[in-house]
Structure formats: structure tokens, C-alpha cells
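Read in our numbering, the sequence shown has 714 at position 165, and its numbers run on one by one without any break.
Think of the CB as a built atom: it goes at the ideal place given N, C-alpha and C, for glycine as much as any other residue.
Computed from a predicted model, the values in this text were never measured in an experiment.
All remarks here apply to the structure that follows.
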Amino acid sequence: MTTPRKRPSTSTLAYERELWAQGYVHLCGIDEVGMGCLAGPVVAAACIFREGQIPNGIRDSKLLTAKRREELDVEIRETALSFAIASATVEEIDTINILQAARLAMRRAIGQLNHPPHYLLIDGRFPIKEIALPQQAIIKGDRKSVSIGAASILAKVFRDRLMAEMDTTYPGYGFAQHKGYGSELHRKAMQNLGVTPLHRKSFSWTPVREDGAERVPEAGLSPLPDELSVEAPGG
């Protein structure tokens, strides 16, 4: 098996073209969203395109406006040979840690595809060792592979809608705005209203003082692992 050479981020089909040329047909892009949130599940998506049938404009979901993500979400769903979206719950995150929960969500999404993938393109540093398929993990893969970029859009649109629904279930926290990320609005609501069953107990968060300064993180909660970066809500 030949591993595709790394390509510049501007060549969003470079990985796919090289793998198609090697004879792999069903190339599956995989990405997750919500790892850095203080509340809500982590969501992953898997997406397989037919060669030559890929919507224009796909890129890292965080670089798109909410309106453009919604438009591309529809186009991806209509065009993809197969796609699936799965999640890991807050309880699973707190039990096995966020990194393992994200990998679990990815495996679930892959398992729900109605066409078996031949090769996996995974956003991030780590391959999915539990799945015995040819694969490559690509750092910032959602900016380098159109398949991973599509998965990032599907996952983010799905999770954003879910968190907007949670805004009705748990009013006053602003979930429709910050989607569970640790914004000042969110942390002030946590201070004033307390935490909900949607909040991750294993995550630390920094309270906001009345003068705008930040206090030390809440005691008794574990911080995010060093290798995880907290992504911005992205619109």
C-alpha cells in the first residue's frame, strides 16, 4: 500500500486524485466537531464522494459562514455516494475522555455508511487503529482534503442544530449562540444558573469576574488534554 504524499492546503482534491489513481474507489473523509466544548456531545461525520461528482466550495467548516455551511450541507447530502453522522454522549466523554469519545464517534459514523469505504482520510494526528482499512491521518485535513472538508461541514451543521434545540431545553445558557463553547456568555450563565446534564463534568472552565477578569479554573475538574486544541464556534 502506498501512502499519498502530503500536499499543500490549496490542493483540496490532491489526496483524492492520487488515491483514485491507485485504484481506491470509495474514499471516506472523516472529521469531528465539538471536542473543545464545555457542553454537548462530540459529533463525527463520514463522507464518500463519487469521482467527478463533488460540490464546489467545500473547505474547513470553521472558515465558512453559517449560511454557506447550510447550503453546502444540502449539496453534500444530495451528491455524496454515502454519508453518515454519529456522536458520543456527554456521559461517554466523561467516562473515556474526549479524545477517545471523538474516536468512538468516528468509528460509529464509518460503521453507518451504506457503502463500504476502501480508504480512510481522517482529520487529525491519529489513525483509527480499530478499523482494519488503509488510512491516513492528516493534520488540518479539513483544509487539505475535500472529503474531510465535507465531513466537517456535515458534522458541524448537525451539531449546531442540535445545540440550538438544546437552547429551548435549557433556556438562559445561550446554546444557540455559542454551541457549547466556553464563551464569556456561556461561562457567566454557568456561574449564575449552575451546570446542566448537558455539561461535561470532566472539563475545566474559568469563571468570569464582575470586573471582566478571569479567575482560576473551577476546582475539581480536569483540564483538556494538552494535545487538544479548542476550536472556535465558527459562525
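- Gln661: not part of any alpha helix (DSSP H); DSSP gives it neither H nor E.
- Separation of Gly589 and Thr638 (C-alpha to C-alpha, rounded to the nearest whole angstrom) is 7 angstroms.
- Of the residues Leu703, Leu670, Phe707, Ala699, the one whose Cα lies closest to the Cα of Ile687 is Leu670.
- The alpha-carbon of Asp622 is positioned some 21 angstroms away from that of Gly660.
- CA-to-CA, the gap between Ala699 and Gly583 works out to about 16 angstroms.
- Contact between Ala658 and Ala595 is confirmed by a C-beta separation of about 4 angstroms, below the 8 angstroms threshold.
- Leu630 and Ile597 do touch by the CB rule: their CB atoms are close to 5 angstroms apart, below 8 angstroms.
- The beta carbon of Ala738 sits closer than 7 angstroms to those of Gly721, Tyr722, Gly723, all from its chain and outside the five residues before and after it, given in chain order.
- Counting C-beta pairs with one atom in each stretch, the stretch 691 to 698 and the stretch 559 to 579 have three or more that are closer than 8 angstroms, which means they touch.
- Boundaries for Asp580: no alpha helix (DSSP H) harbours it, while the beta strand (DSSP E) harbouring it runs 576 to 582, taken from the DSSP string.
- If you draw a straight line from the Cα of Thr755 to the Cα of Asp643, it is about 18 angstroms long.
- Look at Leu669 here: in three-state DSSP terms it is strand.
- When secondary structure is reduced to three states using DSSP, Ile597 falls in the strand class.
- Residues of the same chain with their beta carbon placed closer than 6 angstroms to that of Arg710 are lacking, with the five preceding and five following residues left out of the count.
- Going by C-alpha positions, Pro676 is about 27 angstroms away from Lys750.
- DSSP places Gln649 in the helix class (H, G or I) of the three-state scheme.
- Taking the Cα positions, Glu641 is about 16 angstroms away from Thr745.
- Between Leu703 and Ile625 a beta carbon distance of about 6 angstroms is seen, short of the 8 angstroms cut, so the two are scored as contacting.
- Proximity to Leu648 across Cys586, Met715, Gly601, Tyr719 peaks at Cys586, based on C-alpha coordinates.
- Residue range 695 to 718 is occupied by the alpha helix (DSSP H) that includes Ile702, with no beta strand (DSSP E) assigned at that position.
- Cα atoms of Pro683 and Gly601: separation of roughly 22 angstroms, rounded to the nearest angstrom.
- By the neighbour-count criterion, in which 16 or more other beta carbons inside 10 Å mark a residue as buried, Gly673 falls on the buried side.
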